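Each remark here refers to the structure printed beneath this line.
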Amino acid sequence: MIKKIAIMLTSVLLSGMLYADGLSSGENFIGGEVGSMTVQGDTATRMDYENDGAEWGIRLGSQTTEWRTTFALNYYDEGIQNVEKIVLSIDYYLLSQQNQSYFKPYLGVNLGYGNYESPGVDESGFLYGGQAGFVVEVTEQIDVDLSYKYSLSAADKFDHTGSIMLGVNYFFNKSCD
Numbered sequence: 000m001i002k003k004i005a006i007m008l009t010s011v012l013l014s015g016m017l018y019a020d021g022l023s024s025g026e027n028f029i030g031g032e033v034g035s036m037t038v039q040g041d042t043a044t045r046m047d048y049e050n051d052g053a054e055w056g057i058r059l060g061s062q063t064t065e066w067r068t069t070f071a072l073n074y075y076d077e078g079i080q081n082v083e084k085i086v087l088s089i090d091y092y093l094l095s096q097q098n099q100s101y102f103k104p105y106l107g108v109n110l111g112y113g114n115y116e117s118p119g120v121d122e123s124g125f126l127y128g129g130q131a132g133f134v135v136e137v138t139e140q141i142d143v144d145l146s147y148k149y150s151l152s153a154a155d156k157f158d159h160t161g162s163i164m165l166g167v168n169y170f171f172n173k174s175c176d
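Right, dumping it as C-alpha cells:
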C-alpha cells in the first residue's frame, strides 16, 4: 500500500511540474467528461474478461493555440469490474496553424496510474496510451470535446481500456470581448 501511495504522489508531482508551465501562459479550464469504456482484465474465474459500461471523470487543464495539457481523474464501475485512473494527457491541435478556433481536431498521448478491481483481483499499475478527437468552441468560455482514448496497463491482470468520451470544459481565465 505504501508503494502505491509513493508511486501516486510521484506521478502527481511530475505531472504538476509539466502542468505548471502551461498555467502561466495558457488558457486554463476545468471540466467533466462522460462516456462508454471497454475494460479488459482478468477475474478470479476467467482470463481476459471484457466488459463495457459508463465512465465519468473530472479534469483540469491548460491550452495554447497548439497544445493542450489535461490532468484527469476517471472512474468506471460496471458489472464485476472497477477502474480508477489518474491520467496526464498532452494533445496537439492539428489545425492550429489555420486559426480555426471553433473546430480543433487533435492527437495526443497519455500517461498515468490506474487501479483495477474484479473478483479475486486488485491490481494497480502505470497506464500509457493515446487519444484522438476534436474540440468545438461553443462560446468564448465553453467548449465541447469528443474523443477516443486507449490506454494499456503495465499491471499483470489488467490489460487495457478504450473509451469514447464527451467532455465539457469551462475556461476560467479566458477573456471575453
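The sequence shown begins at 0 in numbering that gives the first Met the number 0 and counts up by one. All C-beta atoms, glycine included, are put in the ideal place defined by N, C-alpha and C. All values reported here derive from a predicted model rather than from experimental measurement.
Measuring C-alpha to C-alpha distances from Ile57 to each of Arg67, Glu65, Leu72 and Ala43 identifies Leu72 as the nearest. In the structure shown, Gln140 falls within a coil segment according to DSSP collapsed to helix, strand and coil. One alpha carbon belongs to Met46, the other to Gly40, and they sit about 7 Å apart.
The three-state secondary structure of Ala53, taken from DSSP, is strand.
The residue from Ser123, Glu54 and Gly128 with its alpha-carbon nearest to that of Lys148 is Gly128.
A buried status is given to Glu26, since no fewer than 16 other beta-carbon atoms sit within 10 Å of its beta-carbon. If you draw a 10 Å sphere on the C-beta of Tyr112, you find 16 or more other C-beta atoms in it, and that means buried.
Between Phe102 and Val135, the C-beta spacing is below 8 Å.
For Asp155 and Thr138, the gap between their C-alpha atoms comes out near 44 Å. In the structure shown, Thr64 falls within a coil segment according to DSSP collapsed to helix, strand and coil.
In the three-state scheme derived from DSSP, where H, G and I count as helix and E and B as strand, Leu87 is classed as strand.
Cα atoms of Phe157 and Leu151: separation of roughly 8 Å, rounded to the nearest angstrom.
Measuring C-alpha to C-alpha distances from Ile163 to each of Ser88, Gly52, Thr42 and Ala43 identifies Gly52 as the nearest.
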